[in-house]
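Residue numbers (the working numbering): 5 to 137. By construction, the Cβ of each residue, glycine as well, lies at the ideal position given by its N, Cα and C atoms. To start, the structure under review is shown below, and the notes come after it.
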């Protein structure tokens, strides 16, 4: 009986961690690199775009795929090949482990700073310069 309770608690706790909306942008900008993971919805699951830029080497990588299950699932590219694995830590953090291109794990966090323009991106809003007198 205690074992059944423990299993039920563990299952419900992991489901509860991701009961909110996971869609949107997650970012992780450091002095050395920039990771942005964007999650969207589609009829039978989710879309994922992960970009990683290494400022030191100037390298830029991009992965696009789909997945269905939470909190962890395989990410499949447009050609049907498994390109990596995605894992959500609640609705505030996501990790993409890439199996192609630059094989590594990329972790990003949900926050208001993910809307700032990144290297190579154009700002969507502009603030006019103050008038000179």
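Rounded to the nearest whole angstrom, the C-alpha separation of residue 48 and residue 72 is 7 Å. In the DSSP annotation of this structure, the continuous segment of the beta strand (DSSP E) that includes residue 32 starts and ends at 28-33.
Contact check for residue 103 against residue 87 passes: the beta carbons are separated by less than 7 Å.
Contact annotation, residue 62 with residue 36: C-beta distance approximately 12 Å; criterion of less than 8 Å not satisfied. For residue 45, same chain residues with a beta-carbon under 8 Å away, outside a window of 5 residues either side, are 27 and 51 in chain order. The beta carbon of residue 66 lies closer than 6 Å to those of 55 in the same chain, with the five residues before and after it left out.
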